[in-house]
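One line per chain: the protein sequences are A and B, in this order. Just so you know, we're using this note's numbering here: the first sequence kicks off at 82 and counts up by one. Just so you know, we're using this note's numbering here: the second sequence kicks off at 82 and counts up by one. Data block below; observations after.
2 protein chains.
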Amino acid sequence: MRSESEIIRGLQRRFRAGGGVRVGIGDDAAVLAGDRRRDWVVTTDWLIEGVHFRRQTHPPRAVGWKALARSLSDLAATAAQPRYALVALAVPSATSARWVDEFFAGVKALADRHGVKLVGGDLSSASQITIDVQALGVVERGRAALRRGARPGDVLFVSGTLGLSHLGLAALRRGRAREFRRAVRFHLYPEPRVRLARLLARRGVTAMIDVSDGLSTDLAHLAEASGVGARLAADKVPVVRLTAAEERRLGVTPWALAANGGEDYELLFTLPPRRAARLPLKLAGVRLTAIGEITRGRGLALVGPSGRARPLSVRGWDHFRRR
Amino acid sequence: MRSESEIIRGLQRRFRAGGGVRVGIGDDAAVLAGDRRRDWVVTTDWLIEGVHFRRQTHPPRAVGWKALARSLSDLAATAAQPRYALVALAVPSATSARWVDEFFAGVKALADRHGVKLVGGDLSSASQITIDVQALGVVERGRAALRRGARPGDVLFVSGTLGLSHLGLAALRRGRAREFRRAVRFHLYPEPRVRLARLLARRGVTAMIDVSDGLSTDLAHLAEASGVGARLAADKVPVVRLTAAEERRLGVTPWALAANGGEDYELLFTLPPRRAARLPLKLAGVRLTAIGEITRGRGLALVGPSGRARPLSVRGWDHFRRR
């Protein structure tokens, strides 16, 4: 099997944009020409038992919430306002009616928070619980934030704390949920940064992506789409704080959680230096941190506290890469 | 597990339409307010290995074609013009690159036929090949054809031949594909009736649905949504022709194939008598047949050649019903 990126590049060649398609395959979401005032933004995201969640550790309400959160986060990455969702659910026929009810209660809880209406879906049987959620949103015409657009000299920012979600996952897997309540909650009920993204778009972000696959992978996506490189300041990245004992107990390190963990659904974005200087430390209640800068060329460098740079290893999520 | 219909009714109560939602959960597709001239129509449809197809009998190109055809047929049922599609594909990691290539070649072949652009999707791993396709289309504002709207006295029509698809499936399963080439082709590469549906809408259909679950089930859907009953003339239904020997060999009967087989993706629709009388025998190259009429009350009756009526048994597809 080829890597996900190779398959996607093949599809981009085969299915070219054009017509009413402002942005097609390869960004967080597709942008379609709407009317004179606005564009439509659409996205679709898998959530699959055994791949993205486990029944033992993920209650049905969290599965429903998370399934929608992934799609809303993709819309947020383009600075769109989510409007509608469709939920395709396939379950083994032994699945209880209660599981299905709780699942949709989770979808509804997050949908209501963002004024999103569930307008359709499809039900089927399958050997594992399989969910695919489509979300549709609107954005001011021609103003969707994209992965491409970062320029050398731009400052690179990230919202929130990276690695919190996979810290919660590690705690869940090792039966230590009580000690890491906040991280577990953040893992099970992530908050797509919809309002933050809308505010950032008004401040002129040049590129934006949501951190769904881990900082290293998503930065690589943003840099590749923009045709640039980046220097990341290792000690600036907002990672989780853990004692040495906690690291040992969970078998994780804050840096690995942030760089490769994924599922934080924070926003990674770039601003020209002047605009960057005017960015507040917090927006929509979420902390914003400058973590590096965009460079010419294609390399991704990680700069340590000593000032020494080494190549950033990109090790986030790829469904088809051997591990 | 409850039946699909019970789950859907629960969701309709939980997620009410309103706002920009002209038609929400429960029809073939959702209808969303667009601009002054047009509405958007969106739908999502599963195609799952072991449920909807088998790798042994369904080549990857047919799987790709069929996955998109299901969604385009839902758009056709509302008389929408398909525009865009998103394809979510999850496959076991051992799946060959060739399978994936051929799958997308099948998607593209049908997409090109209808001027549909593939604008996005999602890739994942899964234990069985799982596909979910979303399609978006446009329809003249307020003019979407719906399941509801049939009135007592309306004439009930169906396009094409019913049961052809499951005749093809039966032939494939019994290794008799060569004897039933046309049926096999129709099963593997169904033609969503997009153009026909657009023409029918102009002729003032009062209700329309695509025959994806079998005539009995889809007629029940249309009648329930419209709050009416129907009388079906058994000898008018356009079924496949088989010799007694063929029936034995394949273990099927023309009536069972038509009533319960499904996957024909023909259109079932109603017209007031005056408009019905002006309908040609063929439109967009597809035969149209009057097969009954809409009645008051809620019953579905099957009228035999002798004129004797008995209740129509509804036995099409329900993913959660025990068989």
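The C-beta atom is built at its ideal place from N, Cα and C for all residues, glycine as well. None of these values were measured; they are calculated from a predicted model.
When DSSP states are grouped into helix, strand and coil, A:I89 belongs to the helix group. Look at B:G373 here: in three-state DSSP terms it is strand. The beta carbon of B:Y270 sits no closer than 8 Å to any beta carbon of chain A. Non-local C-beta neighbours of B:K198 in its own chain, meaning closer than 8 Å and more than five positions away in sequence, comprise R164, Y165, A166, A192, ordered along the chain.
Taking the C-beta atoms as reference points, A:D235 is found nearer than 8 Å to A:E374. Annotation: Cβ neighbours of B:W127 in chain A (cutoff 7 Å, chain order): A169, A171, D203, S205.
Bounds of the alpha helix (DSSP H) holding B:E183 are 178-194.
Using a CB distance cut-off of 8 Å, B:R284 does not count as an interface residue toward chain A.
In terms of beta-carbon proximity, A:R83 lines the interface with chain B, with at least one pair separated by less than 8 Å. The region 145-156 of chain B and the region 227-246 of chain B do not touch, with fewer than three beta-carbon pairs separated by less than 8 Å. At a cut-off of 8 Å, the C-beta of A:A158 has no neighbouring C-beta in chain B. Beta-bridge pairing by DSSP links A:P273 to no other residue.
For A:R274 against A:L348, the beta-carbon gap comes to about 5 Å, under 8 Å, which counts as contact.
Distances from the CA of B:Q209 to each of B:G256, B:F350, B:L128 were compared; the closest alpha carbon is that of B:L128. Residue range 245-254 is occupied by the alpha helix (DSSP H) that includes B:R254. Around the C-beta of A:Q215, 16 or more other C-beta atoms lie within 10 Å, and the residue is accordingly described as buried. Per DSSP, the continuous alpha helix (DSSP H) segment holding B:E327 begins and ends at 325-331. Here A:E260 is exposed, its C-beta having fewer than 16 other C-beta atoms within 10 Å.
Counting along the chain, the unbroken beta strand (DSSP E) around B:V384 starts and ends at 381-384. In this structure, A:Y270 lies away from A:A186, with their beta-carbon atoms at least 8 Å apart. Taking a 10 Å sphere around the C-beta of B:Q162, we find 16 or more other C-beta atoms and assign the residue as buried.
Considering only beta carbons, no part of the region 375-394 of chain A lies closer than 7 Å to chain B.
When the beta-carbon positions are compared, B:G201 and A:G202 stay at least 8 Å from each other. Excluding sequence positions up to five before and after B:L303, its CB lies within less than 7 Å of the CB of R228, A231, A288, I290, L349, all in the same chain and listed in chain order. Sequence-ordered contacts of the region 210-242 of chain A with chain B read T211, D213, Q215, L217 [C-beta pairs closer than 8 Å]. For B:R396, the secondary structure class from DSSP, reduced to helix, strand or coil, is coil.
If you look at A:V112, you'll find it in the beta strand (DSSP E) that goes 111-114. The three-state reading of DSSP puts A:V318 in coil, since its state is none of H, G, I, E or B. Close partners of B:L280 in chain A (Cβ separation under 7 Å) are lacking, with about 23 Å as the shortest Cβ gap.
Here the alpha carbon of B:R119 sits roughly 19 Å from the alpha carbon of B:R284. With a threshold of 8 Å between beta carbons, A:T138 makes no contact with chain B.
A distance below 8 Å between beta-carbons, with the five flanking residues on each side excluded, links B:R368 to the following residues of its chain, in chain order: S240, G241, T242, P319, L362. For the C-beta of A:G105, the chain B residues within less than 8 Å are, from N- to C-terminus, K198, L199, V200, G201.
One thing to note: A:S152 has its Cβ no nearer than 8 Å to the Cβ of A:Y346. Among the residues facing chain B, A:D116 is included, as its CB has a counterpart in that chain under 8 Å away.
Just so you know, the alpha carbons of B:R276 and A:R276 end up roughly 42 Å apart.
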